[in-house]
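K.L.:
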């Protein structure tokens, strides 16, 4: 559906379940999430992603490396479905297999998704958020031109968890256009 020089951002295929399930059960990949996901929970997540696509015509794209043809995660846009001072909002998110970290894939895929969101869907503002301690994702947000917009306690993360405090970043169409 979308393409960069190294990546295909596409709809999900049944063959994505196994590698996605391995990713979601890997402690390094999920270190900034409240828990590891088993295969059943991963299947439910894919169903939720598919439902978002059906309802809105966009969502989280499966990532495939062109060179190898390997699925290695997702990047895309989803509406948030929890209550906070900034919701409702459209969030950009990503999750990559650890074998694909440190190669610029998260930024490359997210930049293409931002372009798609602002140019094709004509979104006016996009948010991104993560645990305060997730410095790699915060670095991607900063490099994409997002602006830090404060902190919040994520209602779906247990009280007392080191992951509960999240940082919020935002980018609007004008900021994105000026960053290009």
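Residue numbers (my numbering): 58 to 237.
Note that beta-carbon positions come from the ideal geometry of N, C-alpha and C, so glycine has one too.
Determine the closest residue to residue 185 out of 77, 172, 179, 201, with distance taken between C-alpha atoms.
P.N.:
Stepping through the chain shown from its first residue, residue 185 is reached at position 128. The residue with the shortest Cα to Cα distance from residue 185 is 201.
K.L.:
Can you check whether the CB of residue 219 is closer than 8 Å to the CB of residue 190?
P.N.:
For the purposes of this step, residue 190 is taken as the residue at position 133 of the chain shown. For the purposes of this step, residue 219 is taken as the residue at position 162 of the chain shown. Yes, the pair counts as a contact, with Cβ atoms nearer than the cut-off.
K.L.:
Hey, could you find the ends of the beta strand (DSSP E) residue 132 is sitting in?
P.N.:
The residue labelled residue 132 in the question sits at position 75 within the chain shown. Start and end: 128 to 136.
K.L.:
May I have the straight-line CA-CA distance separating residue 73 from residue 109, to the nearest angstrom?
P.N.:
Here residue 73 refers to the residue found at position 16 when the chain shown is read from its first residue. Here residue 109 refers to the residue found at position 52 when the chain shown is read from its first residue. About 17 Å.
K.L.:
Could you tell me which uninterrupted beta strand (DSSP E) segments, each at least 3 residues in length, are contained entirely in the region 132 to 169, listed from first to last along the chain?
P.N.:
DSSP runs (the beta strand (DSSP E)) wholly in the region 132 to 169: 147 to 153.
K.L.:
Excluding the 5 residues flanking residue 131 on each side, which residues of the same chain have their C-beta closer than 7 Å to its C-beta?
P.N.:
As a working mapping, residue 131 is identified with position 74 in the chain shown. Correct list, in chain order: 117, 118, 119, 120, 151, 152.
K.L.:
Just verifying my parser: in three-state terms, what is the DSSP assignment at residue 88?
P.N.:
Here residue 88 is taken as the residue at index 31 of the chain shown, counted from 1. Reduced to three states, the DSSP call for residue 88 is coil.
K.L.:
What separation, rounded to the nearest whole angstrom, lies between the Cα atoms of residue 225 and residue 86?
P.N.:
Locating residue 225 in the chain shown gives position 168, counting from the first residue. Locating residue 86 in the chain shown gives position 29, counting from the first residue. Cα to Cα, the separation comes out at about 21 Å.
K.L.:
In or out: residue 161 buried (at least 16 other Cβ within 10 Å) or exposed?
P.N.:
Here residue 161 corresponds to residue number 104 of the chain shown, with the count starting at 1. Exposed, since its Cβ has fewer than 16 Cβ neighbours within 10 Å.
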